[in-house]
Amino acid sequence: MFKITHQDKESRARRGELTTGHGKIETPCFMPVGTHATIKGLYPKDVIESGAQIMLSNTYHLFLRPGMEVIRKAGGLHKFISWDKPILTDSGGYQVFSLALLRKLSDRGVEFQSHIDGSRHFITPEDVIDIQRDLGSDIMMPLDECVHYPCGRDQAEAAMKRTINWAKRSHKHFHEHRKHGPTKQQFLFGIVQGATYEDLRSECAKEMVDIDFDGFAVGGVSVGEPSDLIYNILDYTAAFLPLKKPRYAMGIGYPPDIIEAVERGIDMFDCVVPTRYGRNGTAFTSKGKVKIGNSPYTDDFKALDENCSCYTCVNFSRAYLRHLFNAQEMLGLTLLSLHNVYFFLGLLRRAREAIENDCFTKFKKDFLEDYSQGS
């Protein structure tokens, strides 16, 4: 499933190859997020042409709308959305805890009320595996309990222990029914929780490794804590994870944080940041963030990022993009979202090249210096 193709000589950054039923993924990689089975504001062909190797979709949202009956009839998620590359689906646990109108957790599972229509549902860890099996996702995530920052130790420990219990049940159910989904070649990752408490993180990581998942995710990061705490969690947790299996930092989505995580041996990333910021008029560039609605860009006819070769930067000026946003034209949202997705994918592509050439440390230093300059 996964092999490391090169280890950087000066850091823990590594280049790898993850093989799935829908193709190979070169790591470290960024996964654009298609919450409702679409990357917001973009055509799938543009996402692919930008270099996307895999996308992420959300189990909670798809379960509620359009519903599993529709997706089963379509032959699985890949066919439903006409996407022939790999898909990772998260468990939906975070959305249950953050979006549901009412929710009640127990060791058996979680009861929640839909944020869409108020309908009530109860799902178990086994149900979440069954849903993702029907989706046909290449990589599944088990139901876990994520806590926000700051979080007391007692709450963090209770959530961690429940996550371990659910992980064991998920793994057992997954292997008992592995051959019954739209695709038989599906993988299941374990999620390490424990908030900012090192002993809880180490306990959870060791339990996940003992369960022997196909890969491992660091959950409960980028939930409000400062960057230095994120880096400490990644440093500490990664030390307990197997070298020869993929590592996924869930929800880390700002360029400096991604590069810091790559240096710590993390292989996979996802976040809604590129398209969410794009829809709100902010672009990520090699010289930092650009808020395109600001007045200095009124007659700025330079490219959004002169170091970028995406469709947006090759064809349109900052002045025109500012005009589109001020006129509330949909094209502005699309062009900035397209650039941001291209930028994030390109950042990881350049990181892979730097690892291959044993110069990741210099790459990181140069990138962070340029990025911090502003634009």
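FYI, the numbering for the sequence shown is 13 to 387, going by the numbering used here.
Each residue gets a CB set at the ideal place from its N, CA and C atoms; glycine is no exception.
Every value quoted in this text rests on a predicted model; they were computed, and no experiment measured them.
Since residue i sits in a beta bridge, which residues does DSSP pair it with?
i      : result
Gln125 : Arg132
His18  : Arg27
Cys216 : Answer is none; Cys216 lacks a bridge partner.
Met67  : Ile99
Met43  : Asp282
Met152 : Thr101, Leu200
Tyr260 : Ala229, Met280
Ile37  : Leu30
Lys303 : Thr294
Ala315 : Ser329
Rounded to the nearest angstrom, what separates residue i and residue j at their Cα positions?
i      : j      : result
Tyr289 : Thr346 : 11 Å
Ile203 : Thr249 : 11 Å
Val274 : Leu68  : 19 Å
Ser384 : Leu113 : 40 Å
Asn177 : Asp119 : 8 Å
Gly88  : Asp150 : 11 Å
Thr17  : Gly227 : 17 Å
Ser349 : Val45  : 12 Å
Asp240 : Pro40  : 21 Å
Asp58  : Val326 : 15 Å
Gly263 : Ile99  : 16 Å
Phe281 : Val230 : 10 Å
Ser214 : Ala315 : 47 Å
Gly130 : Leu212 : 35 Å
In terms of residue numbering, what span does the alpha helix (DSSP H) encompassing residue i cover?
i      : result
Asn352 : 342-368
Phe379 : 372-383
Leu246 : 239-250
Leu89  : 89-93
Arg145 : 137-147
Ser321 : Taken as a continuous stretch (DSSP letters only), Ser321 belongs to no alpha helix (DSSP H), as it is neither H nor E.
Val235 : Run containing Val235: none; DSSP gives neither H nor E here.
Arg190 : Taken as a continuous stretch (DSSP letters only), Arg190 belongs to no alpha helix (DSSP H), as it is neither H nor E.
Glu81  : 80-86
Residue range of the beta strand (DSSP E) that residue i falls in?
i      : result
Cys283 : 280-283
Ile50  : The amino acid occupying residue 50 in the given sequence is Thr; Ile does not appear at that position. Looking at the DSSP string, Thr50 is not in any beta strand (DSSP E), and its letter there is neither H nor E.
Leu117 : 115-117
In chain order, what residues of the same chain have a beta carbon less than 7 Å from the beta carbon of residue i, not counting five sequence neighbours either side?
i      : result
Val159 : Gln167, Ala168, Ala171, Ala207, Gly232
Met80  : Ile143, Asp146
Gly305 : Gly293, Arg334, Phe337, Asn338
Asp96  : His34, His90
Asn319 : Ser298
Lys376 : Ile271, Glu275
Thr136 : Arg120, Gly121
Tyr323 : Leu350
Glu368 : His18, Arg27
Ala86  : Phe92
Lys180 : Ile223
Met13  : Leu30, Thr31, Phe199, Asp226
Gly83  : One point to set straight first is that residue 83 is Ile, not Gly, in the sequence displayed. Once the five neighbours on either side are set aside, the close Cβ partners of Ile83 are Leu74, Leu89, Phe92, Asp146, Leu147.
If you count every other CB in all the chains shown that lies within 10 Å of the CB of residue i, and 16 or more means buried, which is it?
i      : result
Met342 : exposed
Ser94  : exposed
Ala251 : exposed
Asp311 : exposed
Ile128 : exposed
Arg165 : exposed
Leu54  : buried
Gln65  : buried
Asp102 : buried
Ser110 : exposed
Pro286 : buried
Val108 : buried
Pro308 : exposed
His185 : buried
Ser234 : buried
Gln198 : buried
Lys257 : buried
Asp382 : exposed
For residue i, which residues of its own chain have a beta-carbon under 6 Å away from its beta-carbon, when the five flanking residues on both sides are left out?
i      : result
Thr175 : Asp156, Glu157, Gln205
Tyr243 : Glu272
Val140 : Ser103, Leu155
Leu76  : Ser126, Ile128
Ser329 : Phe313
Gly265 : Cys283, Val285
Please go through the same chain and pick out, in chain order, the residues whose beta-carbon is closer than 8 Å to the beta-carbon of residue i, but skip the five residues on each side of it.
i      : result
Phe372 : Asp20, Glu22, Ser23, Ala25, Val274, Glu275, Ala363, Ala366
Leu359 : Phe42, Pro267, Ile270, Ile271, Phe379
Cys216 : Met172, Thr175, Ile176, Val204, Gln205, Gly206
Gly63  : Tyr354, Leu357, Gly358, Arg361
Thr47  : Ser69, Asn70, His73, Val284
Ser182 : Pro137, Glu138, Val140, Ile141, Pro154, Leu155, Leu200
Is the Cβ of residue i closer than 8 Å to any Cβ of chain B?
i     : result
Val59 : The structure shown contains no chain B; it holds only a single protein chain.
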